[in-house]
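Written below as structure tokens is the structure these notes are about.
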Amino acid sequence: MDHAVVIGASIAGLLSAAALHRRFAQVTVLDRDTLPAVDAHRRGAAQSRHAHGLLARGSEVMDELLPGLTAELVAQGAIRGDMQDRARHVHGGRRLARGSSGLTGVLVSRPLLEGQVRRRVSALPGVRVLAERTVTGLLSRRGRVTGVRLAEGELVPADLIVDASGRGSRTPLWLGDLGCRPPREERVTIDLRYSSREFRRRGDHLAGDLIAVVGPTPGVPRAGVALALEDERWAVTLAGYGAGPPHGHADATACITTAAPPRGHDGFTAFAGTLAAPDLHHLVTTAEPLGEPRTYHTPAAVRRRYERLASFPDGLLVIGDAVCSFNPLYGQGMTVAALEARALLDPDLSPAAYFRRIAAVVDLPWEITVGADLRIATTAGRPTPRMRLIGAYLDRFHAAAEHDAELTRRFLRVTNLYDPPQALMSPPALLRVLRSGAQRAVPVPA
Ligand SMILES: Cc1cc2nc3c(=O)[nH]c(=O)nc-3n(C[C@H](O)[C@H](O)[C@H](O)COP(=O)(O)OP(=O)(O)OC[C@H]3O[C@@H](n4cnc5c(N)ncnc54)[C@H](O)[C@@H]3O)c2cc1C
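Numbering follows full-length UniProt numbering, with no gaps: position 194 of the sequence shown is 194.
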């Protein structure tokens, strides 16, 4: 085939181009943003100012698509390490046991990651990455999409168009122009508010650990994450669910409702002190801040069910956040984008086959996050009886994992998207949890 056009030069779009260049003579990636010459934040990726963790599975798949990528990042200061070793994971109010997970992750800022992926993709034969090109519509002939229209009036013909334009994707509207139905949207209103700040990193911070994750609990709907970055920096993000009233959960009375982490120094620090464990509070009160806190609001996690449409025009595919934008707290978006880009290597690029493949990619992380979010009282929607049962089991699991590095390893394999959640209930795991005799989780100090 001759020419593929990708809308969006963020992670999903660039990785799509890395896959498509293997079968298209030409791949053109179009982005409306100004793409920085040096690794820097840009308008179209405001999320880069917040802790942006890459799951171990994500870096593995990115290396498949762009061989040697991780090594190149490490050569520029990114940090490679075991996800369980120099890491603090507090989930369900329990501090999970350390050990060696065998899962190797890479700690890297989003600007460096995106910049290096862009340099690699731009250097691929036949690939062009063009900035300041806004796609405003699709061209079509006899029910097939044949190109895109740019804001400047230019028409760009192509054999395949991949929409990687993020959660604001206009494909649902464009489908209407083509006489097709838009996909059904599943929306989980999480009302998640972030406040993030960078700090100068010293070797003695967190006793030399590189990752600290303090997850939310039904009683404490707040979370925080600290990730070591290149150039001796920390990215620290604090998050709070739902400023509105709880949605009638049984444990709603236990819920702290001052949800949004504040922008100012004192508020940021005080908020860190209200998490289920004190690690981040200790870090932000001892480390030197670099710049002011930045905020971000995610009203909802949204999944568009393209795989369920009865008809969809040939010549068009959708990928990344344009298909499903997750609760960012779980750090899944880039890994899912990489797995979906890998699905573009399949010889069958018919929409039906492609959307079926990526629905299978999205199912697992969507199930994990929606199940966890619905346990938070301020999330709109009620957990199903199955979710309640899993939630109760997870409390037991986390309590057992406090003293069991093998259970922690299994948990991290699920959150890093290697294994399905059912792996936590396999007979050996179940046995370890039952033997531990652990009781329901209660928040514990360090
Ligand atoms: C606050 C926050 C924190 C996050 N944290 C993590 C994390 O820790 N780990 C993780 O893996 N993921 C995280 N994510 C998700 C992650 O950023 C995305 O999943 C990832 O960037 C892939 O998204 P994407 O490429 O599909 O879309 P985006 O990153 O949204 O990029 C879309 C691109 O399309 C361009 N564009 C849009 N419209 C047009 C148009 N009409 N014409 C041309 N170009 C257009 C935009 O300029 C942009 O470059 C986070 C997201 C947010 C919001």
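We put the beta carbon where it would ideally sit given N, CA and C, even for glycine.
Considering only C-alpha positions, which residue in the set the options is nearest to residue i?
| i | options | result |
| --- | --- | --- |
| Ala12 | Ser165, Asp33 and Val214 | Ser165 |
| Gly115 | Pro427, Pro36 and Gly102 | Pro36 |
| Glu406 | Glu185, Ala17, Ala423 and Ile390 | Ala423 |
| Leu65 | Leu130, Thr384 and Ala341 | Ala341 |
| Leu283 | Ala212, Ser350 and Gln332 | Ala212 |
| Ile368 | Phe411, Ala401 and Ala337 | Phe411 |
| Leu227 | Leu210, Gly242 and His89 | Leu210 |
| Gly143 | Leu316, Glu72 and Pro278 | Leu316 |
| Arg167 | Thr298, Arg141 and Thr134 | Thr298 |
| Asp266 | Ala277, Asp279 and Glu292 | Glu292 |
| Arg294 | His50, Val38 and Leu30 | His50 |
| Arg305 | Thr171, Pro278 and Arg413 | Thr171 |
Given this structure, state the Cα-to-Cα distance separating residue i from residue j, to the nearest angstrom.
| i | j | result |
| --- | --- | --- |
| Thr136 | Gly44 | 16 angstroms |
| Gln47 | Arg435 | 42 angstroms |
| Val236 | Glu198 | 6 angstroms |
| Ser426 | Gly93 | 23 angstroms |
| Met83 | Ile7 | 33 angstroms |
| Ser325 | Ala352 | 21 angstroms |
| Gly215 | Gln26 | 44 angstroms |
| Ala343 | Arg409 | 27 angstroms |
| Gly371 | Pro421 | 11 angstroms |
| Leu20 | Ile358 | 16 angstroms |
| Phe24 | Leu173 | 27 angstroms |
| Thr34 | Ser122 | 15 angstroms |
| Ala366 | Gly176 | Before going further, note that residue 366 is Trp rather than Ala in the sequence given. Their backbone Cα atoms lie some 26 angstroms apart in a straight line. |
| Asp314 | Glu402 | 51 angstroms |
| Gly381 | Val188 | 7 angstroms |
| Ala300 | Glu307 | 21 angstroms |
| Arg42 | Leu329 | 21 angstroms |
| Arg200 | Ala337 | 30 angstroms |
| Gly320 | Ala40 | 22 angstroms |
| Gly391 | Pro157 | 50 angstroms |
| Asp419 | Glu152 | 46 angstroms |
| Val318 | Glu154 | 22 angstroms |
| Asp363 | Leu389 | 19 angstroms |
Taking the DSSP output, what are the residues bridged to residue i?
| i | result |
| --- | --- |
| Tyr241 | Leu192 |
| residue 450 | Examination of residue 450 is not possible in this model, given that the chain is present from 1 through 446 alone. |
| Ile79 | Leu107 |
| Pro289 | Phe199 |
| Arg88 | Ala212 |
| Pro157 | Gly147 |
| Ala343 | Partner(s): none; Ala343 has no beta bridge. |
| Gly224 | Val214 and Leu238 |
| Tyr296 | Tyr194 |
| Glu185 | Arg304 |
| Asp314 | Arg144 |
Under 7 angstroms Cβ to Cβ from residue i, same chain only, skipping five residues before and after it: list those, please.
| i | result |
| --- | --- |
| Ala78 | Val106, Leu107, Val108, Leu112 and Glu230 |
| Gly244 | Low local confidence applies: a pLDDT of 44 at Gly244 is under 50, so the model's placement there is unreliable, with the coordinate-based value given in what follows. Taken in chain order, the residues that qualify are Asp191 and Thr378. |
| Gly208 | Arg86 |
| Ser311 | Cys180 |
| Leu339 | Val61 and Val361 |
| Ser4 | Reading off the sequence, residue 4 comes out as Ala, not Ser. If we look at Ala4 and ignore the five residues flanking it on each side, its Cβ neighbours are Leu20, Phe24, Val27, Ala158, Asp159, Leu160 and Val162. |
| Gly273 | His281 |
Quick one: residues in its chain with C-beta nearer than 8 angstroms to the C-beta of residue i, no 5 flanking neighbours on either side, listed in chain order?
| i | result |
| --- | --- |
| Arg22 | Leu345 |
| Asp404 | Ala97, Arg432 and Ser436 |
| Thr286 | His205 |
| Tyr393 | Leu424, Met425 and Val433 |
| Thr269 | His281, Val284 and Thr285 |
| Trp234 | Glu198, Phe199, Arg200, Arg201, His205, Ala226, Leu227, Ala228, Leu283 and Ala287 |
Quick one: residues in its chain with C-beta nearer than 6 angstroms to the C-beta of residue i, no 5 flanking neighbours on either side, listed in chain order?
| i | result |
| --- | --- |
| Thr379 | Ile190 and Asp373 |
| Thr335 | Leu55, Arg57, Gly58 and Leu417 |
| His52 | Arg110 |
| Thr257 | Model confidence at Thr257 stands at a pLDDT of 42, short of 50, so the residue's coordinates are unreliable; what they give is reported in the following sentence. Around Thr257: no qualifying Cβ. |
| Leu69 | Met62 and Asp63 |
| Asp2 | Ala25 and Asp159 |
| Arg128 | Thr28 |
| Leu275 | Val214, Arg222 and Gly224 |
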